[in-house]
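Remarks on the structure that follows.
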Amino acid sequence: MSKIICSVFSLVVVSLSTAYADQDVESSNYRRHSIMTECANEFGVTERELRTALRSGDVYDINPCFWSCCFKGTGVLNKEGTYDLKATLPFIKMTFQDDDYKEVQEIARMCEK
């Protein structure tokens, strides 16, 4: 399970650092930001803590329930808390373009194994 969380975390890190002008992607970015804000408020995660975790790649300092909330909110994890590749792929497609998309798609497919 930790491999899945780390892999999916990689998706979140890359997606947060990637911005595109396309309206659909902007909508996706807004949705993702809204989900993260709601989850941060629910589980007491500050913006500073989140930025520190994203920059360092160390997810262990953040409440794991926050990550679960984010992954469920974006569809990466289903209601049962298991990885959902079918829901993840459209999310990735809206978030990434070209080579980034191909790389992240490969990571997502590896997480299913």
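As numbered in mature numbering (1 follows the signal peptide of the UniProt record, and there is no 0), residues -21 to -1, 1 to 92 make up the sequence shown, in order.
Note that beta-carbon positions come from the ideal geometry of N, C-alpha and C, so glycine has one too.
On a predicted model such as this, the values are computed, not experimentally measured, just so you know.
**Prompt:** Just the Cα atoms here: how many angstroms apart are residue 6 and residue 28?
**Reply:** One-based indexing of the sequence shown puts residue 6 at position 27. One-based indexing of the sequence shown puts residue 28 at position 49. Between residue 6 and residue 28, the C-alpha separation is close to 25 Å.
**Asked** Who are the Cβ neighbours of residue 48 in its own chain at under 7 Å, not counting the five residues just before and after it?
**Response** Here residue 48 is taken as the residue at index 69 of the sequence shown, counted from 1. Same-chain partners within the cutoff: 18, 21, 22.
**Span of the alpha helix (DSSP H) around residue 83** = Position 104 of the sequence shown, counted from the first residue, corresponds to residue 83. First-last of the alpha helix (DSSP H) with residue 83: 77 to 91.
**Residue burial classification, residue 87 (beta-carbon count within 10 angstroms, cutoff 16)** = Residue mapping note: residue 87 aligns to position 108 of the sequence shown, counting from 1. Residue 87 is buried by the Cβ-count criterion.
**Item:** residue 63 versus residue 90: straight-line alpha-carbon distance, rounded
**Value:** To locate residue 63, count along the sequence shown from 1; it is residue 84. To locate residue 90, count along the sequence shown from 1; it is residue 111. Straight-line Cα distance between these residues: approximately 10 Å.
**Asked** At which residues does the alpha helix (DSSP H) containing residue 53 begin and terminate?
**Response** For the purposes of this step, residue 53 is identified with residue 74 of the sequence shown, where counting begins at 1. Segment 43 to 53, the alpha helix (DSSP H) holding residue 53.
**Item:** Pair within 8 Å by beta-carbon distance, residue 41 and residue 24
**Value:** Residue mapping note: residue 41 aligns to position 62 of the sequence shown, counting from 1. Residue mapping note: residue 24 aligns to position 45 of the sequence shown, counting from 1. Yes, the Cβ-Cβ distance between residue 41 and residue 24 is below 8 Å.
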